[in-house]
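Asks: Numbered per this note's numbering, the sequence shown spans residues 1 to 413.
Heads up, the beta-carbon is just placed ideally off N, CA and C, and yes, glycines get one too.
First the structure, which I've put down as structure tokens, then a few questions once you've had a look.
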Amino acid sequence: MARAVGSVRVASLRGLAFLRLPPCTRAEALDVTAPRTTLKLPEAGLAFDRLAELSLALLQLDGARPLDEFLASCCPRLRTLRLRHVRGHSVRRLALRTGALEVLDLDTVDDLATLDVVAAKLRCLSVRSCFLLATDGDGGEVTVSTPRIEAVCWYRSYPEQLTFRDGSLAHVRRLAGPLKIPTFGRWDQFDAPYTTQLLRSCALAVDQLDMELVVPDEMALLNWLGDPAEARATCEDLIRHVPALPYVRVLSLKIRWGFGGGGVAPRLASFLSRTPSLTRLRIDASSYCLTVYEGEEAAAPPPRGKQQQWKRSDVGADEQSRVRLDGLREMSVDGLKGTDSEEHRLVQLLLASAPPSLERMSLTFRDAAASIVDEIAAEIPVHFPMATGRWDRCTTSVLTWTRNNTLVVASLR
């Protein structure tokens, strides 16, 4: 195996009690996936001089040798490091000092407590669901110095301290995760402080943004904060902490709300007001819970012909509910149920805000809404005719509006 070149992949579906890292010293890429397996790293002296990509997944390191020490001494040309569901004392601390690393991808590294990265060529940093086992006063510290970084992915990771040194985020073009923030709650809890820190640091550079907005209902706030009276006293509008993002052109936005949460459209409008330069907008609408109290039954979907109407007049009456997105060209909304009043208001806001520059829009409904999509398809063109184009029924669950080709050609001229 020492003579193996190119890519080497080791996978075990059943799991192995013990496994040594294959001594493929001439390999350029090494991928080890072994659930319920303890992996032993090589001792000092074995060099992987050609290794450019290392991926470890679904395993535990034996702890005899720290992973960062192995990488520093044995993998001088490593450009990509991916750790997915890796556990053990060997990943408790990752101190990476490298001039070659370009991609660092950490996903569900529960035992990670300290991440210290100095990497002159790092372009992409992804940290998802890490620091879950870090305790107060012991770990949860991230320090990054990467002057060339272009993309940052951050999701459900809560270190005690997050520091980007020497203007490391000055050139970040893409923020993803999705970055998550509740629209209402405590600023110092869960994802809010990390999301706002990243947005503020990258506000004048980022042009692609992947976000998740959570609109909590009373039950969600109670679960998050405990006593309802104390919870309300410490809560605030968290969207106001989001800075202006004048150069974001592409926005992917997942919106989740609880049953009876209320106010989804105004909160969406508040967020979109911070991204005036959008050219593409994709929204995934999703009610994340349905609260049913003891002795009550969940409300059934309305029968055919009784669903709420999607009327332009409902939105047009409130001029402040519109958002100016003068450069928007493409817009899509996915995951619609066709029965949720908050969902209706969200779509109404977007339709009422559609600018003359819009070329295409799509509304995608869930399969369960098939029985009422016919009526919705008939209502939308009546109340939102959008005379510069036409509405079409593409499939049983997708409605699209397309701008007239003659207008598009004229605008290009």
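Count the C-beta pairs between the segment 261–270 and the segment 195–210 that are closer than 8 Å, then say yes if the count reaches three, no if not.
Replies: No, the segment 261–270 does not touch the segment 195–210.
Asks: Please state whether DSSP places Phe365 in a helix, a strand or coil.
Replies: strand
Asks: What residues are listed by DSSP as bridge partners for Glu343?
Replies: For Glu343, no pairing in a beta bridge is given by DSSP.
Asks: Taking the continuous alpha helix (DSSP H) assigned at Pro182, which residues delimit it?
Replies: Not the alpha helix (DSSP H): Pro182 falls in the beta strand (DSSP E), residues 174–182.
Asks: Which residue comes first and which comes last in the beta strand (DSSP E) that contains Thr114?
Replies: 114–119
Asks: Applying the criterion that 16 or more other CB atoms from any shown protein chain within 10 Å of the CB defines a buried residue, is Phe18 buried or exposed?
Replies: exposed
Asks: Would Val103 and Cys124 qualify as a contact pair, given that the criterion is a beta-carbon distance under 7 Å?
Replies: yes
Asks: Decide if Thr275 is buried, meaning its Cβ has at least 16 other Cβ atoms within 10 Å, or exposed.
Replies: buried
Asks: Suppose the cutoff is 6 Å on Cβ atoms and the five residues either side in sequence are ignored; what does the same chain contact list for Arg82 look like?
Replies: Ser55, Asp105
Asks: On a CA-only basis, which of Gly338, Arg20, Leu30 is nearest Asp374? Give me that one, please.
Replies: Gly338
Asks: Using three-state DSSP, classify Arg267 as helix, strand or coil.
Replies: Correct three-state label for Arg267: helix.
Asks: Given a threshold of 16 other Cβ atoms within 10 Å of its Cβ, counted over all protein chains shown, does Cys24 qualify as buried or as exposed?
Replies: buried
Asks: Please list the terminal residues of the continuous beta strand (DSSP E) segment that includes Ala95.
Replies: 93–98
Asks: Exposed or buried, which one is Gly316 when buried takes at least 16 other CB atoms within 10 Å?
Replies: No answer about Gly316 holds up, because its pLDDT of 42 lies below 50 and its placement is not dependable.
Asks: To the nearest angstrom, report how far apart Ser371 and Ser397 are at their CA atoms.
Replies: 10 Å
Asks: Apart from the five residues just before and just after Val144, which ones in its own chain have a Cβ nearer than 6 Å to its Cβ?
Replies: So the list reads Val117, Phe164, Ser168, once near-sequence residues are dropped.
Asks: Put Trp424 into one of helix, strand or coil per three-state DSSP.
Replies: The shown model of the chain, from 1 to 413, leaves out residue 424, and the question about it has no answer.
Asks: Going by DSSP, name the residue or residues bridged to Asp326.
Replies: In the DSSP output, where bridge partners are listed per residue, Asp326 has none listed.
Asks: Quick check: Ala244 and Val323, are their CB atoms within less than 7 Å of each other?
Replies: no
Asks: Tell me the DSSP secondary structure of Met331 in three-state form.
Replies: strand
Asks: Who are the near neighbours of Val5 in its chain, counting only those whose CB is closer than 6 Å to its CB and skipping five residues on each side?
Replies: Arg26
Asks: Would you list the residues sitting across from Ser126 in a DSSP beta bridge?
Replies: Ser126 is bridged to Asp105, Cys153.
Asks: What residue from Arg93, Glu53, Arg79, Arg50 has the CA that sits closest to Gly63's CA?
Replies: Arg93
Asks: When you compare the CB positions of Asp284 and Gly226, do they come within less than 7 Å of one another, or not?
Replies: no
Asks: Taking only the alpha-carbon atoms, compute the straight-line gap between Trp257 and Ile376 and give it to the nearest angstrom.
Replies: 22 Å
Asks: Expressed to the nearest angstrom, what Euclidean distance is found between the alpha-carbon atoms of Thr402 and Cys394?
Replies: Straight through space, the alpha carbons of Cys394 and Thr402 are spaced by roughly 11 Å.
Asks: What does Thr400 pair with, by DSSP beta-bridge criteria?
Replies: Ser362, Asp392
Asks: Within 10 angstroms of its Cβ, does Ala34 collect 16 or more other Cβ (buried), or is it exposed?
Replies: buried
Asks: Quick test of your reading: Thr195 and Lys180, contact by CB under 8 Å. State the CB separation rounded to the nearest angstrom.
Replies: 6 Å
Asks: Anyone know if the C-beta pair for Val242 and Leu204 falls short of 7 Å?
Replies: no
Asks: Report the three-state DSSP secondary structure of Thr196 (helix, strand or coil).
Replies: In the three-state reduction of the DSSP assignment, Thr196 falls in the helix class.
Asks: Express the C-alpha separation of Leu58 and Pro301 in angstroms, rounding to a whole number.
Replies: Residue placement at Pro301 is flagged as unreliable, the pLDDT there being 47, under the threshold of 50; the coordinate-derived value follows with that caveat. Looking at the two C-alpha atoms, the distance is approximately 42 Å.
Asks: On the three-state DSSP scale, how would you describe Val250?
Replies: DSSP, read as helix, strand or coil, puts Val250 in strand.
Asks: Specify the secondary structure class of Asp415 as computed by DSSP and reduced to three states.
Replies: This structure cannot speak to residue 415, because the chain is shown only from 1 to 413.
Asks: Going by DSSP in three states, Arg240 sits in which element: helix, strand or coil?
Replies: helix
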